[in-house]
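Engineer: Just so we're on the same page, the numbering used here is the position in the sequence shown counted from 1, plus 2.
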Amino acid sequence: MGFSAGGELCRVDVKDNKIVRIRTLRYDWKYNIEEIPVWRWEAHGRVFKPLMKELNPPFRLVYKNVVYSPTRVRYPLKRVDWDPKGERNPQNRGRSGYVRISWEEAIDIIVSEIKRILEKHGPYAICAHSEGHGQTKWIHGGAHGVICHLLKHLGGFTYVTRNPDSWEGWWWGAKHVWGMEPLGQQTPVNIIPDVASNTEVLLCWGCDYETTAWGFADQGWSRIGFWFSELGIKQIFICPDLNYAAAVHADKWIPIRPNTDAALQLAIAYIWITEGTYDKEYVATHTVGFEEFKKYVLGEEDGIPKTPKWAEEITGIPARMIKALARLWASKRTSIMHMYGGPFIRGPYSTEPARLEVLLLAMQGVGKPGVHQINMWSGLLSHIPKIIPALKETRRDWTAYICSQGVILGSSQEAEKILDKTLKQVIIKTKLPEAILHPPIRWYSHGLFSCSTECQFREFTYPAPGCPEIRMIWKTTNCTLTCWNGGFEFAEAYRSPKIEFILAQSPWLENDCVFADIILPVTTPLEEEDICFTETTNTQYIYVANSEKCIEPIGESKSDYEICCMIAEKLGPAIGIPNLLEKFTEGKDIEGWKKAMLEDSGASQLISLEKLKEKGYYLIPLHPRWNDFRAFPPGLRAFYRDPDRNPLSTPSGKIEFFSKRLAEHFPDDKERPPVPHYIPYGENWQESLQHPKAKMYPFILVSNHGRWRMHAQLDYAVWLREIPTCKVRGEDGYFYEPVWINPRDAEKLGVKTGDIVKVFNERGTVLCGAYVTERIMPGVVYVDHGARADIISIEDKIDRGGAINLIAPHEGGKNIALMVVSGYLVNVEKADMEDLKKRYPEAFKRRYHPLVGPYYHTYVVNSEVSGQ
């Protein structure tokens, strides 16, 4: 069970159709030790190998809270003041209540609306918002494209493509330096054992492997961190906050002001160049364009040498420490480790530090023993060759061509061909509000992470030629308000009169759902029968599992797949496609889909569906030569040894300090120039302490993956909300999202832990609970993204739930549809709650659950009277 796509194996104890507990599974439950493909690494006399049980993080073990949450949508709901045959009142989305309706009425309304829109506007007026992290659902997964599989039979649709939000700096930047399709991060094979044997220093740059890994994988990276320390590898954390991994594993914490990493990197390069401590031979033979980079670093281009003293004023790191770091790095075999990327993603100009990191690695001979970029997102198992190199992600294949993470079926070029052939109109997700509110718009690239570097030079428009504007949004992922950029702009877009119908499907009544006209109740994975394949983020074994139904659906909830079947059955005859249901199901029942997916994955070569159902799970064997470095060279070892025979995917085949492609396509782009720069602010971005705007908003806000939830998932898990760093209980009894404030700043503000404060800028205000701690540097405040929105006023843009992305900038980047949700300017003040109650009495009269806050009865009219 997981919160992205795959996950970890769990055992669920059930009694009388009730979940009693969720436990970690032992691999030897159904198999003998000899049948388990145990692997091991050894370095300096110390062994690392998987345990005999799954390393489930708390998220899995508290999932019982989620299944029985008071926030569950139990029945189909209709917005009280939305009449599909009369006044639709789009301006009231986000504040109207809901009434319970029957499934029959809900399906009739949906079919009627789709039919009306098809006849009046055509299929491309229907927008599918169906991507994201949707838990372990492969057949039933709404977040993984199931509605797209239905809509494609209607003649097309508009698809919201997910921008490369977890890899943005690499994807938009580093791919122009060293290729590394599709993400721009280093190929991971066999890196970990090479690091264990040869690396002396690890730079954990904006990296928290005790937090981010929980949502996507397990606790294996924690074990790796301790093993590295046992091996004597020094771990240096560079980040504004003493994050959870740094608190446990750091030999040294270097606090740095958010989004100034490029200045630090350039100062390191300055020391190496002026002291001659970089690998000159490697740079001469494995790279191109170094002289252009050198000119910029030494100040020959702009008259500003990028000295440690220069960087000190920007980063807040003393010049002596910058020099010491540069000299340590030059004298010790050093690798850099990321879970996703810290300042290299989701921040302004993230392309620049992402590119500079690759260039610094190149200056010390990346690919040689012990010198790598460690991409922890790919998981430990990406470092170990399997007998099946990678299970095909059949969840994505069965949707036919498009899914949460992008387009399936192989290479980047294939992905783009499929997209171009099947979809005439797409909207990159960061541009959705602008597309609705201010068309026409233009941008570059599909944005899907599986697309090639060349796609970044393709221009797209909305509306696309021959296509209408969208009139209906069908959502199976409902967290743009709290997980994406410019959340209040999404709220405004959803209230546009252009959007005639919004349909949302969700297990929980939260965030974007309350802007929908019809809400359909969806089951959790424990209420469905499915098949599951682990993602490579798992750190123990790759597996395939038969996911059993544990309990009956809560209320009248149904799976996204079942909902699509119900719609297809009635819609088909209504629009002249009588066999639409058969087209959608392809003649398969759930058992048939399990068999098809097992076959598509390649795992059917190893275990039959019947045997899998008997055993429950199967661990994929290792490749016979899994630990042979000659067969599977670590990282860029082959390129290191012979760059001509093992070229990279860049135009030159080498690491490029100067990008000719960027120079040719965007010669006037000062925000992503051919040579990476430090850019404090520019045409599309003014959120910098160096900008005059900082006088009004003197704090830089940093926002990370949450410690106690997976993006927006689990914000309602009661057992987690009891933890002080998860929620701060205010004097009014409400559980507020914590904002970390340094004691020096807190003293100036007159704030103490537990106080309710407002975090605000010109885009709005979010109420938080103060958490005063030395773990955040002065001048910086920290709020996790993903808290559920509880909007006090849409017009005045005030939120009580702690959904910090509501006040994030729209985007930043001239030729990049960049997502910026961290590193922007805010101010902090103690909140006057009495004044807010007087100004917004209706908001404070809402019904709240004492433990989870906004819940079903907050939004549903007369729900208790009618026994709902």
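The C-beta atom is built at its ideal place from N, Cα and C for all residues, glycine as well. Because the structure is a prediction, the values reported are computed rather than measured.
According to DSSP, is glycine 732 part of a helix, a strand, or is it coil?
Structural biologist: Here residue 732 is taken as the residue at index 730 of the sequence shown, counted from 1. The answer is coil: DSSP assigns glycine 732 none of H, G, I, E or B.
Engineer: If you follow the beta strand (DSSP E) that threonine 163 is part of, which residue opens it and which one closes it?
Structural biologist: Residue numbering aside, residue 163 sits at position 161 when the sequence shown is read from its first letter. 160-163 is the extent of the beta strand (DSSP E) around threonine 163.
Engineer: In three-state terms, what does DSSP make of alanine 402?
Structural biologist: Taking the sequence shown and counting its residues from 1, one reaches residue 402 at position 400. Note that alanine 402 scores a pLDDT of 35, beneath 50, so its modelled location is shaky; the value from the coordinates is reported in the next line. Alanine 402 falls in the coil class under three-state DSSP.
Engineer: Report the three-state DSSP secondary structure of valine 822 (helix, strand or coil).
Structural biologist: Along the sequence shown, read from residue 1 onward, the residue named residue 822 stands at position 820. Here valine 822 sits in coil by DSSP.
Engineer: How about alanine 215 and methionine 378: are their beta carbons less than 8 Å apart?
Structural biologist: As a first step, residue 215 is located in the sequence shown; it is residue number 213 there, counting from the start. As a first step, residue 378 is located in the sequence shown; it is residue number 376 there, counting from the start. Yes, the pair counts as a contact, with Cβ atoms nearer than the cut-off.
Engineer: Kindly provide the ranges of any beta strand (DSSP E) runs that are 3 or more residues long and lie completely inside the stretch 164-207, ordered along the chain.
Structural biologist: 203-207
Engineer: Count the other CB atoms, across all protein chains shown, that sit within 10 Å of the CB of asparagine 581; report buried if there are 16 or more and exposed otherwise.
Structural biologist: Translated into positions along the sequence shown, residue 581 becomes position 579. Burial call: exposed.
Engineer: DSSP state of histidine 340, grouped into three classes?
Structural biologist: As a first step, residue 340 is located in the sequence shown; it is residue number 338 there, counting from the start. Here histidine 340 sits in strand by DSSP.
Engineer: Buried or exposed: glutamine 607, going by 16 or more other Cβ atoms within 10 Å of its Cβ?
Structural biologist: Here residue 607 refers to the residue found at position 605 when the sequence shown is read from its first residue. Label assigned to glutamine 607: exposed.
Engineer: Should valine 22 be labelled buried (16 or more other beta-carbon atoms within 10 Å of its own) or exposed?
Structural biologist: Here residue 22 refers to the residue found at position 20 when the sequence shown is read from its first residue. Classification for valine 22: exposed.
Engineer: Determine the direct distance from the alpha carbon of glutamine 715 to that of leucine 853, and round the result to whole angstroms.
Structural biologist: Residue mapping note: residue 853 aligns to position 851 of the sequence shown, counting from 1. Residue mapping note: residue 715 aligns to position 713 of the sequence shown, counting from 1. C-alpha separation (whole angstroms): 16 Å.
Engineer: Could you tell me which residues DSSP pairs with proline 523 in its beta bridges?
Structural biologist: Residue 523 sits at position 521 when you count from the first residue of the sequence shown. Note: proline 523 sits in a beta bridge opposite Ser508.
Engineer: Let's test the definition: count the other Cβ atoms within 10 Å of the Cβ of proline 694 and tell me whether it reaches 16, buried, or not, exposed.
Structural biologist: By one-based count along the sequence shown, residue 694 stands at place 692. Proline 694 should be labelled exposed.
Engineer: Which residue wins for smallest C-alpha separation from glutamine 891, given the options Trp172, Ser498 and Pro623?
Structural biologist: Not covered by the structure: residue 891. The range shown for the chain is 3 to 870.
Engineer: Can you name, in chain order, every residue of its own chain whose Cβ lies under 7 Å from the Cβ of valine 16, other than the five neighbours on each side?
Structural biologist: Within the sequence shown, residue 16 is the residue found at index 14, counting from 1. When the five nearest sequence neighbours on each side are left out, the beta carbons in the same chain lying within less than 7 Å of the beta carbon of valine 16 are those of Val22, Cys552 and Ile553, in order along the chain.
Engineer: Is the distance from the Cβ of proline 345 to the Cβ of aspartate 263 below 8 Å?
Structural biologist: Within the sequence shown, residue 345 is the residue found at index 343, counting from 1. Within the sequence shown, residue 263 is the residue found at index 261, counting from 1. Result yes, Cβ atoms of proline 345 and aspartate 263 sit closer than 8 Å.
Engineer: Hey, quick one: how far does the alpha helix (DSSP H) through cysteine 2 stretch, first residue to last?
Structural biologist: Residue coverage of the chain in this structure runs from 3 to 870, which leaves residue 2 outside it and unanswerable.
Engineer: In this structure, what does DSSP give as the bridge partners for histidine 851?
Structural biologist: Locating residue 851 in the sequence shown gives position 849, where the first residue counts as 1. Paired residues: Gly855.
Engineer: Is the beta carbon of isoleucine 347 closer than 8 Å to that of leucine 205?
Structural biologist: Taking the sequence shown and counting its residues from 1, one reaches residue 205 at position 203. Taking the sequence shown and counting its residues from 1, one reaches residue 347 at position 345. Result no, Cβ atoms of leucine 205 and isoleucine 347 do not sit closer than 8 Å.
Engineer: Considering Cα atoms alone, identify which of Asn192, Arg13, Ile112 and Lys500 is closest to tryptophan 41.
Structural biologist: Numbered from 1 along the sequence shown, position 39 holds the residue referred to as residue 41. Selection Asn192, Arg13, Ile112 and Lys500 evaluated against tryptophan 41 yields Asn192 as nearest (Cα-Cα).
Engineer: Please classify asparagine 686: does DSSP put it in a helix, a strand, or coil?
Structural biologist: Walking along the sequence shown from the start, residue 686 turns up at place 684. Here asparagine 686 sits in coil by DSSP.
Engineer: Between the C-alpha atoms of threonine 189 and glutamate 571, what's the straight-line distance to the nearest angstrom?
Structural biologist: Locating residue 189 in the sequence shown gives position 187, where the first residue counts as 1. Locating residue 571 in the sequence shown gives position 569, where the first residue counts as 1. The C-alpha of threonine 189 lies about 45 Å from the C-alpha of glutamate 571.
Engineer: So, with DSSP's three-state summary, where would you put glutamine 221?
Structural biologist: Within the sequence shown, residue 221 is the residue found at index 219, counting from 1. Looking at glutamine 221 - three-state DSSP - the assignment turns out to be coil, as it is neither helix nor strand.
Engineer: Please list, in chain order, all residues of the same chain as arginine 95 whose beta carbon is under 6 Å from its beta carbon, the five residues on each side excluded.
Structural biologist: As a position in the sequence shown, residue 95 is number 93, starting the count at 1. So the qualifying residues of the chain are Tyr496, Arg497 and Phe517.
Engineer: Rank Glu733, Tyr545, Asp801 and Ile793 by C-alpha distance to the C-alpha of cysteine 12 and give the top, closest one.
Structural biologist: Against the sequence shown, residue 12 aligns to sequence position 10. Nearest of Glu733, Tyr545, Asp801 and Ile793 to cysteine 12, Cα basis: Tyr545.
Engineer: Lysine 187: which of Leu751, Ser549, Pro355 and Ala772 sits nearest, CA to CA?
Structural biologist: Taking the sequence shown and counting its residues from 1, the one referred to as residue 187 is at position 185. Before going further, note that residue 187 is glutamine rather than lysine in the sequence given. Minimum Cα distance to glutamine 187 is reached at Pro355.
Engineer: My understanding is that glycine 217 touches phenylalanine 5, with C-beta atoms under 8 Å, so please give their C-beta distance in whole angstroms.
Structural biologist: Here residue 217 refers to the residue found at position 215 of the sequence shown. Here residue 5 refers to the residue found at position 3 of the sequence shown. Rounded, the Cβ-Cβ distance is 5 Å, consistent with contact.
Engineer: For valine 753 versus glycine 804, is the C-beta spacing smaller than 8 Å?
Structural biologist: In the sequence shown, counting from the first residue as 1, residue 753 sits at position 751. In the sequence shown, counting from the first residue as 1, residue 804 sits at position 802. In this structure, valine 753 lies away from glycine 804, with their beta-carbon atoms at least 8 Å apart.
Engineer: If we count Cβ pairs, one from each stretch, closer than 8 Å, do we get three or more for the stretch 244-256 versus the stretch 292-300?
Structural biologist: No, because fewer than three Cβ pairs between the stretch 244-256 and the stretch 292-300 fall closer than 8 Å, the two stretches do not touch.
Engineer: For glycine 698, count neighbouring Cβ atoms within 10 angstroms of its own Cβ and tell me buried if that reaches 16, exposed if not.
Structural biologist: As a working mapping, residue 698 is identified with position 696 in the sequence shown. Note on identity: in this sequence residue 698 is methionine, with glycine being the wrong assignment. It is exposed - the Cβ of methionine 698 has fewer than 16 other Cβ atoms within 10 Å.
Engineer: Counting C-beta neighbours from all protein chains within 10 Å, is the total for proline 649 16 or more, i.e. buried, or is it exposed?
Structural biologist: For the purposes of this step, residue 649 is taken as the residue at position 647 of the sequence shown. So proline 649 ends up on the exposed side.
Engineer: Any contact between the stretch 153-171 and the stretch 425-434? By contact I mean 3 or more CB pairs, one from each, below 8 Å.
Structural biologist: Contact between the stretch 153-171 and the stretch 425-434 is present, because at least three Cβ pairs lie under 8 Å.
Engineer: Taking glutamate 36 as the reference, which of Ile794, Leu621 and Gly756 has the closest Cα?
Structural biologist: Locating residue 36 in the sequence shown gives position 34, counting from the first residue. Ranking Ile794, Leu621 and Gly756 by Cα distance to glutamate 36 puts Leu621 first.
Engineer: Can you tell me which of the three DSSP states valine 516 falls into?
Structural biologist: The sequence position of residue 516 within the sequence shown is 514, counting from 1. Here valine 516 sits in helix by DSSP.
Engineer: Determine the contact status of alanine 772 and valine 730, defining contact as a CB-CB distance below 8 Å.
Structural biologist: For the purposes of this step, residue 772 is identified with residue 770 of the sequence shown, where counting begins at 1. For the purposes of this step, residue 730 is identified with residue 728 of the sequence shown, where counting begins at 1. For alanine 772 and valine 730, yes; Cβs fall inside 8 Å.
Engineer: Can you round the beta-carbon distance between lysine 560 and threonine 525 to whole angstroms, since I take them to be within the 8 Å contact cut?
Structural biologist: To locate residue 560, count along the sequence shown from 1; it is residue 558. To locate residue 525, count along the sequence shown from 1; it is residue 523. Correct: roughly 6 Å between the Cβ atoms.
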